[in-house]
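Under the working numbering, the letters of the sequence shown match residues 4 to 164, in that order.
Following: one structure in structure tokens, then a few remarks.
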Amino acid sequence: MTPTTSRRRGAAVLSVSAPSFRLRLARLDQDQADLERARDLLEQARAAVQEDPREAFELAHRAALRGAGVLVARANRERRRPLPLNVWTALERLGKEDAERAESLAPLVSERKRLDRNPSALPDPDLLELHLEGTAAHLAQISQRLLDDFPAHITDLTAAG
């Protein structure tokens with residue numbers, strides 16, 4: 004198959020065949036859709052903070068799970084052996100900032116377990132706020148990581164649309 008696109012990264016030239024590039028775009032579309040669903044969940048969480056903090060915490064947690072799931076799915080595409088099904092354990096195995104994110108979520112995972120055990124309990128307001136802000140920042144970081152894998156002329160189109 005003949006290369007249809009090439010780009011420079013440092014001194015090396017990377018060639019990308021049309022089917023391979025289409026597959027990467029399809030995967031980007033899926034990842035972006037999953038990330039958009041995470042953002043929607045986060046917005047629902049923010050809207051529910053005052054009237055139903057338990058629901059807000061749960062929605063924020065689901066948004067965090069979905070965002071982390073995008074990273075795990077991307078990593079699994081390139082791995083011989085898939086990562087564990089528990090997304091936080093999988094993030095730890097990815098290392099670097101992903102492992103740090105998983106570690107930072109430990110108190111939030113504990114808070115979710117506490118809420119699951121006691122249906123009348125309310126989330127700690129500070130932990131809820133931490134979850135909302137941390138998840139928003141992480142989703143923004145994931146979005147940037149998705150775009151970093153593509154040539155600038157492709158990502159410029161994504162930003163414009």
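Beta carbons: idealized from backbone N, C-alpha and C, even for Gly.
This one's a predicted model, so the numbers in the text were calculated from it and none came from an experiment.
Judged by pairs of C-beta atoms under 8 angstroms, the segment 28–40 touches the segment 62–76, as three or more such pairs exist. In its chain, beyond the 5 residues on either side, R117 and L118 have a beta carbon closer than 7 angstroms to the beta carbon of A124. With respect to the C-alpha of A67, the residue from E58, V90, Q53 and R80 having the closest C-alpha is V90.
Distance from the CA of V52 to the CA of L26, rounded to the nearest whole angstrom, comes to 39 angstroms. Non-local beta-carbon contacts of L94 in its own chain, meaning distances under 8 angstroms to residues more than five positions away in sequence, involve A71, L74, V75, D101, A102, R104 and A105 in chain order. About 5 angstroms separates the CB atoms of L130 and E114; that is less than 8 angstroms, so the two are in contact. The alpha-carbon of L88 is positioned some 13 angstroms away from that of R69. In the DSSP assignment, S113 falls within the alpha helix (DSSP H) that extends over A109 to R120.
By the CB criterion at 8 angstroms, A139 and L45 fall inside the cutoff.
Leaving aside the five residues that flank P85 on each side, the residues in its chain whose CB is nearer than 6 angstroms to its CB run, in chain order, N79. Contact annotation, A59 with A48: C-beta distance approximately 5 angstroms; criterion of less than 8 angstroms satisfied.
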